[in-house]
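Asks: Below are the structure tokens for one structure; questions will follow.
In the working numbering, the protein residues as written are 92 to 243.
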């Protein structure tokens, strides 16, 4: 099955100049965990992606102002993407290798056509295949975290 069959075709996007608060409001309004970042919301040339995790880790956890921070300072530049003609299997491999749950779908010119999420694939693939993908995506991060040691 091809990505274009299961991807979300409604693209809710933001630009690098938008505020982090705007991105968070879009996520809340559309009940999504990631927003493609585009050069222009009409043309939709993909330049990055911003996730709920970016907002949590880079804004909330650091006590920074979501009104003042720009999406361009928080987004992942040049995110993993797939084509609408790619198979679900290829997309799952990308998600597994890159350890991402959401992938923008772009055409040959880099125009964002939609998004595909792990949940979209889960509704259309076998339980065994989904299980393997979920395990690969959920492995601990490649960069080890420092243990929290209290001075007290």
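Here a beta-carbon is modelled for each residue, glycine too, at the ideal position from N, C-alpha and C.
Note that the structure is a prediction, hence the values are computed from the model and not measured.
What residue range is occupied by the uninterrupted alpha helix (DSSP H) comprising residue 166?
Replies: Position 75 of the chain shown, counting from 1, holds the residue named residue 166. Premise fails: residue 166 is in no alpha helix (DSSP H) and is neither H nor E.
Asks: Please say whether residue 111 and residue 152 have beta carbons closer to each other than 7 Å?
Replies: As a position in the chain shown, residue 152 is number 61, starting the count at 1. As a position in the chain shown, residue 111 is number 20, starting the count at 1. Cβ distance not < 7 Å, so residue 152 and residue 111 don't count as in contact.
Asks: So, helix, strand or coil for residue 118, using DSSP?
Replies: For this step, residue 118 is matched to residue 27 along the chain shown. Helix.
Asks: With a 10 Å radius around its C-beta and 16 neighbouring C-beta atoms as the bar for buried, classify residue 205 as buried or exposed.
Replies: Taking the first residue of the chain shown as position 1, residue 205 is located at position 114. Residue 205 is buried by the Cβ-count criterion.
Asks: Quick one, which of 92, 166, 154 has its alpha-carbon nearest residue 104's?
Replies: Here residue 104 is taken as the residue at index 13 of the chain shown, counted from 1. Ranking the options by Cα distance to residue 104, first place goes to 166.
Asks: Taking Cβ positions, are residue 182 and residue 102 nearer each other than 7 Å?
Replies: As a first step, residue 182 is located in the chain shown; it is residue number 91 there, counting from the start. As a first step, residue 102 is located in the chain shown; it is residue number 11 there, counting from the start. No, the pair does not count as a contact, with Cβ atoms beyond the cut-off.
Asks: Could you give the first and the last residue of the continuous alpha helix (DSSP H) run that contains residue 182?
Replies: By one-based count along the chain shown, residue 182 stands at place 91. Here the alpha helix (DSSP H) through residue 182 covers 179–189.
Asks: Between which two residues does the alpha helix (DSSP H) carrying residue 202 extend?
Replies: Stepping through the chain shown from its first residue, residue 202 is reached at position 111. Unbroken run through residue 202: none, as it is neither H nor E.
Asks: Near residue 132, what residues of its chain come up, given a Cβ to Cβ distance below 6 Å and the 5 sequence neighbours on each side ignored?
Replies: In the chain shown, residue 132 corresponds to position 41, counting from 1. Same-chain partners within the cutoff: 104.
Asks: So residue 196 packs on residue 94, CB below 8 Å; how close in whole Å?
Replies: If you number the chain shown from 1, residue 196 lands on position 105. If you number the chain shown from 1, residue 94 lands on position 3. About 6 Å; that satisfies the 8 Å criterion.
Asks: Would you call residue 109 buried or exposed, if buried means 16 or more other Cβ atoms sit within 10 Å of its Cβ?
Replies: On the chain shown, residue 109 is found 18 positions in, with the first residue counted as 1. That one is buried.
Asks: In the DSSP output, which residue or residues are listed as bridge partners for residue 125?
Replies: Along the chain shown, read from residue 1 onward, the residue named residue 125 stands at position 34. DSSP, once it has assigned bridges, lists 142 as partnering residue 125.
Asks: Note down the Cα distance separating residue 149 from residue 172, rounded to an integer number of angstroms.
Replies: Here the question's residue 149 lines up with position 58 in the chain shown. Here the question's residue 172 lines up with position 81 in the chain shown. Between residue 149 and residue 172, the C-alpha separation is close to 23 Å.
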